[in-house]
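> The sequence shown begins at 286 in this note's numbering and counts up by one.
Even for Gly, the Cβ is constructed at its ideal location relative to N, Cα and C.
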Amino acid sequence: MSTGQHLEAFSTTLGLVASAAVHLAAFAYLASATAQFDFDFELTLPTEVEFGLTGEMEVAAAPTPPLPQGAPDPRWSRAPGQDEQDPISDAGVPMLTDAGADTDTDADTDADTDADTDADTSPVAASALTGPSRIPPGAQLALRVDMRRVRESPLAPDVTSFLQGIPDWQLLLLGSGIDPVADLDRLLVATPNLERSKLVLAGRHRRDATFTRKSVGRLARSRGKGVRWKQRYGVPTARWHNLDQTPRTIALLSAHHFSITRRQDLQRVLAMTKARELRDADEEGLVTARGPDALLSMGPEEVISLEVEGVHRFVMGNIRHIPVRLRIAVRETGPDEATVTVLATYGSDSLAQAAAVYWKKVAQFYSQQLIMTLAGFGKRLRRMELTPEDDRIRVSFTLDADQIRFILSYAEGRLRGASPRRTRPTKKGP
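1. Which same chain residues, not among the five before or five after Arg616, have their C-beta less than 8 Å away from its C-beta?
2. Could you check which residue in Met432, Ala424, Ser446 and Lys483 has the C-alpha nearest to that of Ser694?
3. Using alpha carbons as the reference points, say which of Tyr518, Arg533 and Thr329 lies closest to Trp525.
4. What number of angstroms, rounded off, separates the C-alpha of Ala696 from the C-alpha of Lys515?
5. Measuring alpha carbon to alpha carbon, tell me which residue in Glu568, His541, Thr546 and Arg598 is nearest Asp529.
6. To the nearest angstrom, how far is it from the Cα of Gly632 to the Cα of Val647?
7. Hey, out of Asp634, Leu671, Thr630 and Ser635, whose CA is closest to Lys645's CA?
8. Pop quiz: Ala629 and Leu611 are said to be a contact at Cβ under 8 Å. What is the actual Cβ separation, rounded to whole angstroms?
9. What does a CB cutoff of less than 6 Å around His606 pick up in its chain, not counting 5 residues either side in sequence?
10. Taking the straight line between their C-alpha atoms, what separation do you get for Pro465 and Leu472?
11. In three-state DSSP terms, what is Val642?
12. Arg677: which of Ile656, Ala637 and Arg690 sits nearest, CA to CA?
13. Sorted by chain position, which residues of the same chain lie with C-beta nearer than 8 Å to Leu330's C-beta, five sequence neighbours on each side aside?
14. Just to confirm, is the Cβ distance from Thr495 to Leu484 under 8 Å?
15. By alpha-carbon positions, which one of Phe326, Ala424, Asp443 and Ala560 ends up nearest to Arg690?
16. Is Asp685 buried or exposed, if buried means 16 or more other CB atoms sit within 10 Å of its CB?
17. For Met601, does the three-state DSSP call read helix, strand or coil?
18. Is DSSP giving Ala540 helix, strand or coil here?
19. Would you mind sorting Ser635 into buried or exposed? The rule is 16 or more other CB atoms within 10 Å of its CB.
20. Can you give me the Cβ contacts of Ser461 inside the same chain, cut-off strictly under 7 Å, excluding the 5 residues immediately before and after it?
21. Based on the DSSP secondary-structure assignment, which residues constitute the bridge partners of His490?
22. Once DSSP output is grouped into helix, strand and coil, what is the label at Thr445?
23. Could you tell me which of Phe326, Gln653 and Arg575 sits nearest to Arg665, measuring between CA atoms?
24. Report the three-state DSSP secondary structure of Thr522 (helix, strand or coil).
25. Can you find the residues in the same chain that come closer than 7 Å, C-beta to C-beta, to Asn527, ignoring five residues on each side of it along the sequence?
26. If you count every other CB in all the chains shown that lies within 10 Å of the CB of Glu594, and 16 or more means buried, which is it?
27. With a 10 Å radius around its C-beta and 16 neighbouring C-beta atoms as the bar for buried, classify Arg564 as buried or exposed.
28. Can you look up Ser412 in the DSSP assignment and give me helix, strand or coil?
29. Determine the extent of the alpha helix (DSSP H) in which Ser438 is found, giving its start and end residues.
30. Just the Cα atoms here: how many angstroms apart are Phe682 and Met669?
31. In the DSSP assignment, find the beta strand (DSSP E) that holds Gly619 and state where it starts and stops.
32. Thinking C-beta only, is Gly602 closer than 8 Å to Asp325?
33. What number of angstroms, rounded off, separates the C-alpha of Val680 from the C-alpha of Arg548?
34. Classify Asp328 as buried or exposed, calling it buried when 16 or more other Cβ atoms lie within 10 Å of its own Cβ.
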């Protein structure tokens, strides 16, 4: 056999071996990638559920702060013979007092009654002090983002892409001129079931005290509407003329804090703010915060966090090993490194102990999957310690930047897939 024939035979053999190896690797990858732990439950999105916390919570509302000593009541301070005016004036705009009844239909006038003033002269009561006295049971998926850290992070494009994957929330801001990445320092996007109508949006902006009012006026003008401010539960509120069909209200929780909700959800947001104040910040891994900051509170140096209240509402099947509350947070601990912390709260110490054993088996199972090994998660899953502390399980592990990007990309895909297809709402009005 000539040298050329030897080389041809060798090449053919090498090609066959390489082809077999590739096919075996592909088979192993597919077998591993499709291997699933035999869970006795499945995840779901509830339909009949309202925004709230895991259980009913009693919240003692403090009285409305008194007027300064010697200050006249604005309702009776007009001079004799002066034309009747609305009782409270918000930056020169009449503000009606509303005890909370949802009676404000779309009665806005065509004139722009928001003067976009440079001064905020309206009294703004602390939302946490004047909310309702209880929170009805509910559920929520609450994503909190430190936008200031995102702006400074090398992961900024990945986090931004992940945020864009959350269904429909940015439609709430279209036309207002608010850029969540550029204008906000803290962002909350929450929902009980990913339905657009039940989305709750809150934030703390980094602009001057007139920024939110100007955004309200800008959005209203884009829809050919005016702005009328009302006092509800101690905070100034106005109709938020978003592009979809759900009537929403914007509430000025402070000069720099706001929330955008359905009218009936404002009560829940205010009460939840107080409830978060009352929780033990150290046990929850949060920075101690008061007032509107409690609604947006995160842990030290955290970039992003996901809190799930009423976890059982999102599960069908056996809930024995499912926590009642779950918190997942990511904080940057190096230039190309981040630490993920998971805090799961159970109904009792014994349930937490049983769950620790169960989830350790799950971690061991997935640590042996080829796809997890290739992504660099195998070793971390094998070394993961799940030691209960009373009724809680706390787990922390470190990931590199590529692994964080992998998780964000996966989560973005899951979010886009979980949301039902919807047609883009058409713009109403001129």
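Short version:
1. Start at 1 with the first residue of the sequence shown, and residue 616 comes out as number 331. If we look at Arg616 and ignore the five residues flanking it on each side, its Cβ neighbours are Gly584, Pro585, Glu586, Glu587, Val588, Ala623, Thr624 and Thr626.
2. By 1-based counting over the sequence shown, the position of residue 694 is 409. Nearest of Met432, Ala424, Ser446 and Lys483 to Ser694, Cα basis: Ser446.
3. Within the sequence shown, residue 525 is the residue found at index 240, counting from 1. Ranking Tyr518, Arg533 and Thr329 by Cα distance to Trp525 puts Arg533 first.
4. Position 411 of the sequence shown, counting from 1, holds the residue named residue 696. Position 230 of the sequence shown, counting from 1, holds the residue named residue 515. Distance between the alpha carbons of Ala696 and Lys515: 39 Å.
5. For the purposes of this step, residue 529 is identified with residue 244 of the sequence shown, where counting begins at 1. The candidate whose alpha carbon is nearest that of Asp529 is Thr546.
6. Walking along the sequence shown from the start, residue 632 turns up at place 347. Walking along the sequence shown from the start, residue 647 turns up at place 362. Gly632 and Val647: Cα-Cα distance of roughly 21 Å.
7. The residue you call residue 645 lines up with position 360 of the sequence shown. Selected option, being the one with the closest Cα: Leu671.
8. Here residue 629 refers to the residue found at position 344 of the sequence shown. Here residue 611 refers to the residue found at position 326 of the sequence shown. Contact flag correct, Cβ pair sits at about 5 Å.
9. Along the sequence shown, read from residue 1 onward, the residue named residue 606 stands at position 321. Ala640 and Tyr643, listed in sequence order.
10. Within the sequence shown, the letter at position 180 stands for residue 465. Within the sequence shown, the letter at position 187 stands for residue 472. If you take the alpha carbons of Pro465 and Leu472, they lie about 8 Å apart.
11. In the sequence shown, counting from the first residue as 1, residue 642 sits at position 357. The answer is helix: DSSP assigns Val642 an H, G or I state.
12. Locating residue 677 in the sequence shown gives position 392, where the first residue counts as 1. The residue with the shortest Cα to Cα distance from Arg677 is Ala637.
13. What you label residue 330 is simply residue 45 of the sequence shown in a count that begins at 1. Result list for Leu330: Asn478, Leu479, Phe599 and Ala703, in chain order.
14. What you label residue 495 is simply residue 210 of the sequence shown in a count that begins at 1. What you label residue 484 is simply residue 199 of the sequence shown in a count that begins at 1. No, the Cβ-Cβ distance between Thr495 and Leu484 is not below 8 Å.
15. Looking up residue 690 in the sequence shown gives position 405. With distances taken between Cα atoms, Arg690 lies closest to Asp443.
16. Within the sequence shown, numbered from 1, the residue matching residue 685 stands at position 400. Flag for Asp685 reads exposed.
17. Here the question's residue 601 lines up with position 316 in the sequence shown. Three-state result, Met601: strand.
18. Translated into positions along the sequence shown, residue 540 becomes position 255. Ala540 falls in the coil class under three-state DSSP.
19. Reading the sequence shown from its first residue, position 350 is the one you call residue 635. Exposed is the call here.
20. Along the sequence shown, one-based indexing puts residue 461 at 176. Closer than 7 Å at the Cβ level, and outside the excluded window around Ser461, lie Ser500, Arg503 and Leu504.
21. Numbered from its first residue, the sequence shown carries residue 490 at position 205. BP columns for His490 point to Leu469.
22. Within the sequence shown, numbered from 1, the residue matching residue 445 stands at position 160. Residue state, collapsed to three classes: helix.
23. Locating residue 665 in the sequence shown gives position 380, where the first residue counts as 1. Checked all of Phe326, Gln653 and Arg575; the closest Cα to Arg665 is Gln653.
24. Position 237 of the sequence shown, counted from the start, is the residue given in the question as residue 522. DSSP places Thr522 in strand when its eight states are reduced to three.
25. Looking up residue 527 in the sequence shown gives position 242. Counting only Cβ-Cβ distances below 7 Å, and skipping sequence neighbours, we find Leu456, Leu457 and Arg533.
26. For the purposes of this step, residue 594 is taken as the residue at position 309 of the sequence shown. Looking at its Cβ environment, which holds 16 or more other Cβ atoms inside 10 Å, Glu594 is buried.
27. Along the sequence shown, one-based indexing puts residue 564 at 279. Burial call: exposed.
28. Start at 1 with the first residue of the sequence shown, and residue 412 comes out as number 127. Its pLDDT being 40, under 50, Ser412 is placed unreliably by the model, and the measurement read from it follows with that caveat. Of the three classes helix, strand and coil, the one that applies to Ser412 here is helix, per DSSP.
29. The sequence position of residue 438 within the sequence shown is 153, counting from 1. Unbroken run through Ser438: none, as it is neither H nor E.
30. Locating residue 682 in the sequence shown gives position 397, counting from the first residue. Locating residue 669 in the sequence shown gives position 384, counting from the first residue. Cα-Cα distance, rounded: 8 Å.
31. To locate residue 619, count along the sequence shown from 1; it is residue 334. Its beta strand (DSSP E) spans residues Arg610 to Gly619.
32. The residue labelled residue 325 in the question sits at position 40 within the sequence shown. The residue labelled residue 602 in the question sits at position 317 within the sequence shown. Contact flag set, yes.
33. Translated into the one-based positions of the sequence shown, residue 680 becomes position 395. Translated into the one-based positions of the sequence shown, residue 548 becomes position 263. Spanning the two alpha carbons is a distance of roughly 38 Å.
34. Numbered from 1 along the sequence shown, position 43 holds the residue referred to as residue 328. Sequence check: residue 328 is Leu here, not Asp. Exposed, by the Cβ-count rule.
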